Every structure is written in structure tokens, then in C-alpha cells.
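Worksheet: one structure, shown below.
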Amino acid sequence: MSAFMRPPVRGANLLLASWILTLAVSGCASAPASPAAGTSGTPSATAAASPSAVASATPSPIPSPSSKPAAVFSTTGSIAVERQDGAAATLLADGRVLVTGGVSQTQALSSAEIYDPTTGVWTQTGSMLSGHADHTSILLKDGRVLVVAGCDAHTTAELYDPASGKFSAAGKVAVDSTCESTATLLADGRVLIAGGYGASYSVSKLAELFDPATGKFTRTGSLHTARGEAQAVLLPDGRVLISGGQAGGTTNEVILNSSETYDPATGKFSEAAKMATPRTDFSATLLTDGKVLVAGGVDVKGESGTELVASAELYDPASGKFSPTGSMTIARFAAGGISVANGLQFMHTSLLADGRVLFVGGDEQAQGSTVYQPTAEIYDPATGVFSATAALPVSDIGNDNNSSVTLKDGRVLIPGIPSLLYTP
Numbered sequence: 010m011s012a013f014m015r016p017p018v019r020g021a022n023l024l025l026a027s028w029i030l031t032l033a034v035s036g037c038a039s040a041p042a043s044p045a046a047g048t049s050g051t052p053s054a055t056a057a058a059s060p061s062a063v064a065s066a067t068p069s070p071i072p073s074p075s076s077k078p079a080a081v082f083s084t085t086g087s088i089a090v091e092r093q094d095g096a097a098a099t100l101l102a103d104g105r106v107l108v109t110g111g112v113s114q115t116q117a118l119s120s121a122e123i124y125d126p127t128t129g130v131w132t133q134t135g136s137m138l139s140g141h142a143d144h145t146s147i148l149l150k151d152g153r154v155l156v157v158a159g160c161d162a163h164t165t166a167e168l169y170d171p172a173s174g175k176f177s178a179a180g181k182v183a184v185d186s187t188c189e190s191t192a193t194l195l196a197d198g199r200v201l202i203a204g205g206y207g208a209s210y211s212v213s214k215l216a217e218l219f220d221p222a223t224g225k226f227t228r229t230g231s232l233h234t235a236r237g238e239a240q241a242v243l244l245p246d247g248r249v250l251i252s253g254g255q256a257g258g259t260t261n262e263v264i265l266n267s268s269e270t271y272d273p274a275t276g277k278f279s280e281a282a283k284m285a286t287p288r289t290d291f292s293a294t295l296l297t298d299g300k301v302l303v304a305g306g307v308d309v310k311g312e313s314g315t316e317l318v319a320s321a322e323l324y325d326p327a328s329g330k331f332s333p334t335g336s337m338t339i340a341r342f343a344a345g346g347i348s349v350a351n352g353l354q355f356m357h358t359s360l361l362a363d364g365r366v367l368f369v370g371g372d373e374q375a376q377g378s379t380v381y382q383p384t385a386e387i388y389d390p391a392t393g394v395f396s397a398t399a400a401l402p403v404s405d406i407g408n409d410n411n412s413s414v415t416l417k418d419g420r421v422l423i424p425g426i427p428s429l430l431y432t433p
């Protein structure tokens, strides 16, 4: 909203006009018809207004209006293939966005598409060698993208080269547990893959490393707690925080509040602090101050039903502890487990360029509902408060996944039909 523009004070304008009129009359009365040589025709100093009178007649300064427009959502180009669940979106080094895989009907997709922010258009690129859904996709330091396994291709990995637009095999993963696992790019360029579900959907505590220099996967230390659907964040000191998720199988799911850290220097995991609230299907975001914001999710699953979480917490690497922060305006979740029929059923979380965090969709109204209006909100680390932001222009984007990408120009892309752009 523009700054309030206050008009000049009416009384001050009347005083200024009165002074000008007095000055003019005084000058006419005192000046001779033909001034003598060497005599100025300028009114004498006694006819001039005092400094205090001038000061009182000066209009109040007008505040400059803000030049920053209000935040807004808008639609942009649509993806060519509807990806109902489990797709992944990755920001490329050149600013474009790669979307891979997902599910169409009951089949994992091998197709991939590229979004160009300068044109707002999606174009198809080379297809993957296998179909992938609920997989991980991560940008490597050399500009290629590593696509790892998923729930339909448990042991396969591929590399995408933006220069050629083609995928190639990246070797076989070391462990069969890469459905709903975490993948984190380490400071040295390797990728840590941890936890997840195996082919029998049993939860794993195994972890492995992918080295782009050798193109090989190797085992590393194991998690202390087997977990799937956890969240992993690279900390500023090079360690990886892995928190939450669930243990047990599909019939005895247990939501976790535990966390642990991985140290690349030792190749080992260490137990860390516990969150106040057990949560899975949540988001974890590294803030600009080095803390980690965990928000939303699900804290009850299985036969007893599902309960969404509105609370949020901050993890401080310096103290190694979680502490509460403001709660979301509405409970939201970031992944599957609830039957809905809407493309914004899952929460999309994005770190904005100014350090705030955007949350879109996945709200509690989605439970069992086929039609609802998704909402969005912003978390401000400076105040620790969540607040509503711009309204969405559509209620369904036909793309049921939680992939969103912050573009290099600061806008946020949510792929779909149509895709959405958020301009802060």
C-alpha cells in the first residue's frame, strides 16, 4: 500500500497568501513614483516578513509514496504433461527450471520439461531412461542434475545435462531404500542420500554418498533411527540436519520428533535435539541467519486418522536446540496421505530473496474435499510471525506435488496447469 499522502495545512496556506498581499501593498505605498538615482526601489527591510513568519508558512513535507508494488500471484505457461503426484522441480544454473517424472494415472513418468522464466513457456526436453516418482532431483556443482530412484525405480539414478538436453545413466544406488528418501548436496560436491522406503515399503536407516567425480554410489554411516519422509537441510557448518518423518511400515506408522546430524568429515550420524511436535509431511527451510524453520505437517497417521499441524519451530545449530516460533495461520501439510482432488493439495514452501518464507496450499480445508480455495502465507524471521499474503488466481493447477522453485529474479514458480508465479 502506498504511504499516506498528507496535504499541506490549510491555515499555513492562508497565512502565506496574507503575507504576500501585505508585502505587495506595502511596497506600492512606500515606493516613490520615480526613484532617485542610486536609490533602490526594493522595499525596505522593515516591510519583509520575519523568519518566524516564513517558517510558520512553510508547508509540511509530503512523504514519498512507496515504489514497491503489493505481492501478487499470476498464471504463466502450463506444463505439457499432467503430473498427478511425485514430480520434482529443480532450478538450473542458467535460471531455467527442470521438472521430471511424477505419476500419470498409475504409471511413473519418464518425461521431463523445461521452463524458461524469460518467455514463460514450457518445452519438453529429453526423456529419462526410466519412470521416476517420489524421487529426488538435485543440482550438482558442475551444472548437471542428479535424479535418484524413487518409489517406482528403487535402484536407478540418472544425470541430466542441460547443455545437451539428455539424460544418461549414473550408476546403481548402493541401497534399495530410495523412495521418499532425502538428498542433500554437501559442501564438497557429493550428495548424501539417507533413509526412505525399500521395495517392500519397510523404512530404512541406511545412507549413501554419490560422488560426481567418480559417478559412483558408496555406503556411509547409518542413521540412528530408520525414517522415511524426513526433511534434510545442509547447515552452514557443513553438517546435515535430518529431522522428523515416520518409522514403521504402512500399517504401523509412527510419526517421529527425533532428529540427527550427519558429519561428512567422519561419515557418521549423531543424535540431535528433538522437536516439540512429532511431524511428517512437513517443510524444513534454512533461513538466512543459519537457523532452520520447520513448519506444518502431520503428527498422527494410520487407523486413528490424520491430524495436521499448524505449529512451527526453529533449530539453532549454535545451541543444537529447537525452540518455538509463531504458528501458521492455518494447518498445512507437504505431501500425500490425504485423499483430495486438487492440484494445490500439498504445501509448497519457498525461501524468498528477502529472507522470508512463502507457504502455498496444503491447508486443512483439503481434507476429504474436492473443491476448496487454497491460501498462502508468509513467515517473517524478523518478527517470528506468519501472515496471509496475496490471493491465488486459481484453485487448482492439476499437478499434485509439492515442488516449487524460487527463480533467480526472486519470483516463485509452482509448476502446473496452469503454472503459478508469485511476485513478492
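Per the numbering used here, residue 10 is the first one in the sequence shown, and the count goes up by one each step.
Where is the CB? At the ideal position from N, CA and C, for every residue including glycine.
Predicted model, so just to flag it, every value in this text is computed and none were measured.
In whole angstroms, what separates the C-alpha of Arg-365 from that of Gly-419? So the alpha carbons of these two residues sit roughly 12 angstroms apart.
Give the DSSP-derived three-state secondary structure of Gly-237 in the structure shown. In this structure, Gly-237 counts as strand in the three-state DSSP scheme.
What's the gap between the Cα of Ala-178 and the Cα of Ala-142? Cα to Cα, Ala-178 sits roughly 17 angstroms from Ala-142.
Take the Cβ of Ser-43 as the centre, count every other Cβ of all protein chains shown within 10 Å, and call the residue buried at 16 or more, exposed below. Here Ser-43 scores only 40 on pLDDT, less than 50, and its place in the model should not be relied on; the value that follows carries that caveat. Around the beta carbon of Ser-43, a 10 Å sphere encloses fewer than 16 other beta carbons of the protein chains shown; the residue is thus reported as exposed.
Check whether chain D comes within 7 angstroms of Tyr-169, counting only Cβ atoms and requiring the distance to be less than that. This model lacks chain D altogether, as it is built from one protein chain only.
Do Arg-236 and Gly-204 have their beta-carbon atoms positioned less than 7 angstroms apart in this structure? A distance below 7 angstroms separates the beta carbons of Gly-204 and Arg-236.
Return the Cβ separation of Ser-190 and Thr-145 in integer angstroms, given the expectation that the two are a contact with Cβ distance under 8 angstroms. At roughly 7 angstroms, the Cβ-Cβ gap stays under 8 angstroms, so Ser-190 and Thr-145 are in contact.
Rounded Cβ spacing between Ser-268 and Ile-251 (contact assumed at less than 8 angstroms): Their Cβ separation, rounded to whole angstroms, is 6 angstroms, which keeps Ser-268 and Ile-251 in contact under 8 angstroms.
Excluding sequence positions up to five away, which residues of its chain have a Cβ less than 6 angstroms from the Cβ of Ala-241? Closer than 6 angstroms at Cβ, skipping near neighbours: Thr-191, Thr-193, Val-249 and Ile-251.
Distance between Leu-422 and Leu-101 (C-alpha atoms, nearest Å): One Cα belongs to Leu-101, the other to Leu-422, and the distance between them is close to 13 angstroms.
Environment of Val-414 [buried if 16+ CB atoms lie within 10 Å]: With 16 or more Cβ atoms within 10 Å of its Cβ, Val-414 is classed as buried.
May I ask you to list the residues that DSSP assigns as paired with Tyr-324? DSSP output for Tyr-324 lists Val-301 and Phe-331 as bridge partner(s).
Span separating the alpha-carbon of Ser-412 from that of Tyr-210: Their backbone Cα atoms lie some 23 angstroms apart in a straight line.
Please look up how many angstroms separate the CB atoms of Ala-397 and Phe-331, rounded, as I've assumed it's under 8 angstroms. About 25 angstroms; that fails the 8 angstroms criterion.
Rounded distance between the beta-carbons of Pro-126 and Leu-401, thought under 8 angstroms: Actually they do not touch by this definition, with Cβ atoms about 19 angstroms apart.
Which of the three DSSP states is assigned to Gln-354 in this structure? The answer is coil: DSSP assigns Gln-354 none of H, G, I, E or B.
Does the Cβ-Cβ distance between Val-156 and Thr-109 come in under 7 angstroms? Yes. Within cutoff.
Where does the unbroken beta strand (DSSP E) through Lys-181 begin, and where does it stop? First-last of the beta strand (DSSP E) with Lys-181: 175-181.
Could you give the DSSP three-state label for Glu-269: helix, strand or coil? It is a strand residue.
What do you get for Asp-308, buried or exposed, if any count of 16 or more other CB atoms within 10 angstroms of its CB means buried? So Asp-308 ends up on the buried side.
Given a threshold of 16 other Cβ atoms within 10 Å of its Cβ, counted over all protein chains shown, does Lys-300 qualify as buried or as exposed? Buried: at least 16 other Cβ atoms inside 10 Å.
Leu-360: which of Asp-298, Gly-180 and Leu-149 sits nearest, CA to CA? In terms of Cα proximity to Leu-360, the closest of Asp-298, Gly-180 and Leu-149 is Asp-298.
Sub-7 angstroms separation of Asp-185 and Ala-166 beta-carbons: No, the pair does not count as a contact, with Cβ atoms beyond the cut-off.
In the DSSP assignment, the beta strand (DSSP E) including Ile-251 goes from what residue to what residue? 249-252 is the extent of the beta strand (DSSP E) around Ile-251.
Please list the terminal residues of the continuous beta strand (DSSP E) segment that includes Phe-226. In the DSSP annotation of this structure, the continuous segment of the beta strand (DSSP E) that includes Phe-226 starts and ends at 225-228.
What are the boundary residues of the beta strand (DSSP E) that includes Ser-431? A quick correction: the sequence has Tyr, not Ser, at residue 431. Counting along the chain, the beta strand (DSSP E) containing Tyr-431 begins and ends at 428-432.
According to the Cβ coordinates, are Glu-217 and Arg-199 closer than 7 angstroms? If you check the CB distance, Glu-217 and Arg-199 do not come in under 7 angstroms.
Check this for me: beta carbons of Val-112 and Gln-133, under 7 angstroms apart or not? No, the pair does not count as a contact, with Cβ atoms beyond the cut-off.
Rounded to the nearest angstrom, what separates Phe-219 and Thr-234 at their Cα positions? Those two C-alpha atoms are separated by around 21 angstroms.
Please report the straight-line C-alpha distance between Ile-88 and Thr-275, rounded to a whole angstrom. Near 43 angstroms, if we compare the C-alpha coordinates of Thr-275 and Ile-88.
Arg-341 bridges to which residues according to DSSP? Arg-341 pairs with Asp-372.
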